[in-house]
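A short worksheet on the structure shown next.
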Amino acid sequence: KPIQRFPQFILLLQDMLKNTPRGHPDRLSLQLALTELETLAEKLNEQKRLADQVAEIQQLTKSVSDRSSLNKLLTSGQRQLLLCETLTETVYGDRGQLIKSKERRVFLLNDMLVCANINFKGQLEISSLVPLGPKYVVKWNTALPQVQVVEVGQDGGTYDKDNVLIQHSGAKKASASGQAQNKVYLGPPRLFQELQDLQKDLAVVEQITLLISTLHGTYQNLNMTVAQDWCLALQRLMRVKEEEIHSANKCRLRLLLPGKPDKSGRPISFMVVFITPNPLSKISWVNRLHLAKIGLREENQPGWLCPDEDKKSKAPFWCPILACCIPAFSSRALSLQLGALVHSPVNCPLLGFSAVSTSLPQGYLWVGGGQEGAGGQVEIFSLNRPSPRTVKSFPLAAPVLCMEYIPELEEEAESRDESPTVADPSATVHPTICLGLQDGSILLYSSVDTGTQCLVSCRSPGLQPVLCLRHSPFHLLAGLQDGTLAAYPRTSGGVLWDLESPPVCLTVGPGPVRTLLSLEDAVWASCGPRVTVLEATTLQPQQSFEAHQDEAVSVTHMVKAGSGVWMAFSSGTSIRLFHTETLEHLQEINIATRTTFLLPDRSLIKCSPRA
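Note that the numbering used here has the sequence shown beginning at 63, numbered continuously upward.
Here you go:
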């Protein structure tokens with residue numbers, strides 16, 4: 063019962079905190095109590111989740127024979143349950159109609175996928191109301207590397223139809239006729255078939271339109287105006303159908319699995335279609351399948367070790383996993399140094415209806431750097447494919463020292479939703495990437511269209527190197543080498559910030575301004591070991607404090623977490639937590655020996671507070 067009351071206690075503390083003004087002597091105690099309670103609730107929930115996973119694996123183990131290979135795998139102690147959920151398997155007929163559906167229990171382990179029937183049969187024990195016998199009956203299981211998630215529209219339409227059975231023709235490349243014979247479709251989805259029919263009809267109507275344009279006479283209902291109306295009508299129907307497909311795919315998980323070889327020994331794959339309870343469930347399945355397969359790669363073995371816990375290995379999702387290693391810059395002629403990088407997310411509609419929001423990950427990675435005396439370089443990597451690839455690279459006059467991703471502000475998005483039709487498209491504000499260079503340049507690029515040229519640029523006062531950038535609802539802030547904070551005010555129009563007028567400048571300290579943090583009502587700026595707190599709108603200094611006792615140490619990173627700010631420093635292996643209101647030093651953690659990533663050659667990669 064006390065555990066069940068945790069949400070009530072948390073809500074009570076949250077209400078008390080809302081009614082306790084800043085500066086009140088009890089406010090810090092309430093915040094600390096709330097943090098402790100939330101941490102305890104999180105630990106208890108994690109323990110319950112682990113206990114539930116152990117119970118599920120035990121139930122699954124009971125459902126298979128003691129002599130089976132699956133039983134040996136499940137009882138080896140090396141299997142970790144990553145995800146388990148009841149999904150609905152669907153089977154479609156040759157005209158796209160739903161023939162049958164049945165609930166299945168699907169288990170995602172760290173190296174295999176198991177599908178089981180839920181055993182509803184058997185008498186019930188009156189005392190416990192628990193079914194006698196095994197809870198599940200295993201239907202199939204397969205090694206995780208052989209499982210392929212397939213979206214409608216992916217791979218040129220090869221797997222666009224549900225319940226598809228594919229006989230693989232081996233290593234030799236089959237002819238077109240051979241490929242047609244090696245595919246047996248058991249039932250296409252109705253929506254996608256209708257879209258294909260509309261596409262074919264549009265192609266025919268476009269040909270008819272070309273023929274009509276060659277007519278010499280004038281005929282009723284047979285002219286270019288009518289033909290163009292036909293094309294527009296079909297295009298509208300195609301857009302509607304694409305939206306219907308996109309909506310249907312939000313909860314449809316399509317898996318291509320290996321089957322038993324045919325009589326000639328050729329391998330066969332078959333499609334299994336599950337309906338998830340909600341769109342978030344599908345996203346979770348696709349993402350975790352993707353990450354679990356990456357976790358099985360050689361470069362992630364044995365993975366993360368925890369010296370404080372008897373060097374036990376952790377599950378793939380407890381710590382980051384190594385996805386790939388690629389050169390930061392395509393130009394190998396110069397020895398370029400990495401200066402900054404930032405992730406630019408991309409909304410699903412920009413990638414087309416077939417690339418649903420479950421593709422992991424999405425967007426672009428901007429990487430900047432350079433070499434002293436040899437200019438700078440920016441590489442843009444697309445993350446919309448299984449492996450990152452360079453989509454654009456361009457040189458700059460000076461090395462890149464910092465980057466800032468500026469999303470579309472909330473009020474801009476709300477005004478666009480209220481008025482979808484924009485009279486002047488150039489006035490629409492899209493997400494942007496801001497670059498700070500060593501020669502004092504500040505450049506603003508569109509993050510949506512990677513082919514866009516620089517939108518606007520300026521030079522910092524005194525051409526001071528731009529060490530850090532941060533945006534707030536009121537300013538674009540730049541920390542400079544000489545200890546100056548330059549603030550560019552927000553404007554209305556296609557570009558959010560006024561970079562043409564002289565910025566508001568104030569001196570933070572005698573040394574470089576290395577990092578900035580924007581909070582709801584304040585801006586934090588670091589200079590050496592000291593942090594200055596500024597009012598968010600006027601940028602008037604309110605107070606300052608020493609974050610480190612060593613004058614030779616600088617604050618290099620600041621990030622907000624709840625009611626605190628974590629800081630990392632230019633030397634040492636500790637991170638420190640400070641309260642956002644009282645500025646009190648709350649906690650210090652030495653992360654030097656917390657976790658270590660062990661590569662296949664037994665070499666180590668240690669966590670660093672400055673990474």
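Don't be surprised by glycine CBs; every beta carbon is placed ideally from N, CA and C.
All values derive from a computational prediction rather than experimental measurement.
> Start and end of the alpha helix (DSSP H) containing H492?
Replying inline: One-based indexing of the sequence shown puts residue 492 at position 430. Segment: none, H492 is in no alpha helix (DSSP H) and carries neither H nor E.
> From T653 to T635, what does the alpha carbon distance come to, in whole angstroms?
Replying inline: As a working mapping, residue 653 is identified with position 591 in the sequence shown. As a working mapping, residue 635 is identified with position 573 in the sequence shown. According to the sequence provided, residue 653 is Ile. The question's Thr does not apply to it. Straight through space, the alpha carbons of T635 and I653 are spaced by roughly 6 Å.
> Whose C-beta lies closer than 6 Å to the C-beta of A584 among residues of the same chain, with five residues either side of it excluded?
Replying inline: Within the sequence shown, the letter at position 522 stands for residue 584. Cβ neighbours of A584 beyond the five flanking positions: V595 and A598.
> Counting Cβ pairs closer than 8 Å, one from the region 267–275 and one from the region 293–301, do we hit at least three?
Replying inline: Remark: three or more beta-carbon pairs, one from each stretch, lie closer than 8 Å, so the region 267–275 and the region 293–301 are flagged as touching.
>> Taking 6 Å as the limit between beta carbons, can you name the residues of its chain near S625, skipping five residues before and five after?
In response: Looking up residue 625 in the sequence shown gives position 563. Same-chain partners within the cutoff: Q93 and T642.
> Short check: CB of L445 to CB of L427, under 9 Å?
Replying inline: Residue mapping note: residue 445 aligns to position 383 of the sequence shown, counting from 1. Residue mapping note: residue 427 aligns to position 365 of the sequence shown, counting from 1. Against a cut-off of 9 Å, the Cβ pair of L427 and L445 comes out as a contact.
> For the region 327–363, which segments carrying the beta strand (DSSP E) assignment without a break, of at least 3 residues, lie completely within its bounds, in sequence order?
Replying inline: As far as the region 327–363 is concerned, its whole beta strand (DSSP E) runs of at least 3 residues are 330–337.
>> I'd like the span of the beta strand (DSSP E) that includes V429, first residue to last.
In response: As a first step, residue 429 must be located in the sequence shown, where it is residue number 367. In this chain, the beta strand (DSSP E) harbouring V429 covers Y426 to G432.
> When you compare each of W202, V302 and E470 to L317 by their alpha carbons, which one comes out closest?
Replying inline: Start at 1 with the first residue of the sequence shown, and residue 317 comes out as number 255. When the alpha-carbon of L317 is set against those of W202, V302 and E470, the nearest one is in W202.
> Alpha carbon to alpha carbon, what distance is there between C313 and P339?
Replying inline: By one-based count along the sequence shown, residue 339 stands at place 277. By one-based count along the sequence shown, residue 313 stands at place 251. Just so you know, the alpha carbons of P339 and C313 end up roughly 7 Å apart.
> Where do the ends of the alpha helix (DSSP H) carrying E213 lie?
Replying inline: Mapped onto the sequence shown, residue 213 falls at position 151. E213 -> no alpha helix (DSSP H), and no H or E assigned at all.
>> So, does the region 627–634 touch the region 554–570, judging by three or more C-beta pairs under 8 Å?
In response: Flag = no, the region 627–634 and the region 554–570 do not touch.
>> On the DSSP letters alone, give me the boundaries of the beta strand (DSSP E) that E582 sits inside.
In response: Indexing the sequence shown from 1 puts residue 582 at position 520. It is not in any beta strand (DSSP E) - E582 carries neither H nor E in the DSSP assignment.
> So L342 packs on I307, CB below 8 Å; how close in whole Å?
Replying inline: Within the sequence shown, the letter at position 280 stands for residue 342. Within the sequence shown, the letter at position 245 stands for residue 307. Between L342 and I307, the beta carbon gap of about 19 Å keeps them out of contact (Cβ cut-off 8 Å).
>> Assuming the contact rule is C-beta atoms closer than 8 Å, G437 and A459 should be a hit. Round their C-beta distance to whole Å, please.
In response: As a first step, residue 437 is located in the sequence shown; it is residue number 375 there, counting from the start. As a first step, residue 459 is located in the sequence shown; it is residue number 397 there, counting from the start. About 6 Å separates the beta carbons of G437 and A459, which is inside the 8 Å limit, making them a contact pair.
> What residues in its chain sit with their C-beta under 6 Å from that of I637, if we drop five residues either side in the sequence?
Replying inline: Locating residue 637 in the sequence shown gives position 575, where the first residue counts as 1. Correct list, in chain order: W628, A630, I651 and P671.
> When burial is assigned at 16 or more other CB atoms within 10 Å of the CB, is G431 buried or exposed?
Replying inline: As a working note, residue 431 is residue 369 in the sequence shown. Buried, since its Cβ has 16 or more Cβ neighbours within 10 Å.
> Taking the runs of the alpha helix (DSSP H) that are 4 residues or longer, which of them lie wholly in the region 251–329?
Replying inline: Fully enclosed alpha helix (DSSP H) runs of 4 or longer: 252–274 and 286–311.
>> My output table needs one value for L601: the three-state DSSP class, helix, strand or coil.
In response: In the sequence shown, residue 601 corresponds to position 539, counting from 1. Three-state result, L601: coil.
> If we call anything under 9 Å between Cβ atoms a contact, is L463 one with L499?
Replying inline: Residue numbering aside, residue 463 sits at position 401 when the sequence shown is read from its first letter. Residue numbering aside, residue 499 sits at position 437 when the sequence shown is read from its first letter. Contact: yes.
>> Could you give the first and the last residue of the continuous alpha helix (DSSP H) run that contains T123?
In response: Looking up residue 123 in the sequence shown gives position 61. If you look at T123, you'll find it in the alpha helix (DSSP H) that goes R89 to K124.
> Under a three-way DSSP split, which group does Q526 fall into?
Replying inline: Taking the sequence shown and counting its residues from 1, the one referred to as residue 526 is at position 464. In the structure shown, Q526 sits in coil (DSSP, three-state: anything other than H, G, I, E or B).
> So, using beta-carbon positions, are V593 and T546 closer together than 9 Å?
Replying inline: On the sequence shown, position 531 is the one that residue 593 refers to. On the sequence shown, position 484 is the one that residue 546 refers to. No.
> Comparing alpha-carbon positions, which option in A623, G590, M620 and S606 lies nearest D612?
Replying inline: Here residue 612 refers to the residue found at position 550 of the sequence shown. Nearest option by C-alpha distance: G590.
> Nearest to K355 by alpha carbon, out of P461, Q208 and P364?
Replying inline: Residue 355 sits at position 293 when you count from the first residue of the sequence shown. Comparing Cα-Cα distances from K355 to each of P461, Q208 and P364, the minimum goes to Q208.
> Would the beta-carbon of G541 fall within 9 Å of that of R552?
Replying inline: Here residue 541 is taken as the residue at index 479 of the sequence shown, counted from 1. Here residue 552 is taken as the residue at index 490 of the sequence shown, counted from 1. At least 9 Å separates the beta-carbon of G541 from that of R552.
>> Let's see if you can read the secondary structure: which residues bound the beta strand (DSSP E) around N133?
In response: Within the sequence shown, the letter at position 71 stands for residue 133. Looking at the DSSP string, N133 is not in any beta strand (DSSP E); the run it does join, the alpha helix (DSSP H), is S131 to L136.
>> Quick check: what's the CA-CA separation for H619 versus E646?
In response: Taking the first residue of the sequence shown as position 1, residue 619 is located at position 557. Taking the first residue of the sequence shown as position 1, residue 646 is located at position 584. Linking H619 to E646 through their CA atoms gives a straight-line distance of about 18 Å.
> Between F336 and R166, is the Cβ-Cβ spacing less than 9 Å?
Replying inline: The sequence position of residue 336 within the sequence shown is 274, counting from 1. The sequence position of residue 166 within the sequence shown is 104, counting from 1. Yes, these two residues count as a Cβ contact at 9 Å.
>> Just to confirm, is the Cβ distance from P406 to S509 under 9 Å?
In response: Translated into positions along the sequence shown, residue 406 becomes position 344. Translated into positions along the sequence shown, residue 509 becomes position 447. It should be pointed out that residue 406 corresponds to Ser in this sequence rather than to Pro. The Cβ-Cβ distance between S406 and S509 falls below 9 Å.
> How is P591 classed by DSSP in three states: helix, strand or coil?
Replying inline: Within the sequence shown, residue 591 is the residue found at index 529, counting from 1. Taken through DSSP and simplified to helix, strand or coil, P591 comes out as coil.
>> Once the 5 residues before and after I141 are set aside, which same chain residues still bring their CB inside 6 Å of it?
In response: Residue numbering aside, residue 141 sits at position 79 when the sequence shown is read from its first letter. Note on identity: in this sequence residue 141 is Arg, with Ile being the wrong assignment. Correct list, in chain order: L171.
> When we look at the beta-carbon of P527 and count the other beta-carbons within 10 Å, is it buried (16 or more) or exposed?
Replying inline: Reading the sequence shown from its first residue, position 465 is the one you call residue 527. That one is buried.
> According to the Cβ coordinates, are L558 and T600 closer than 9 Å?
Replying inline: Taking the first residue of the sequence shown as 1, we reach residue 558 at position 496. Taking the first residue of the sequence shown as 1, we reach residue 600 at position 538. One thing to note: L558 has its Cβ no nearer than 9 Å to the Cβ of T600.
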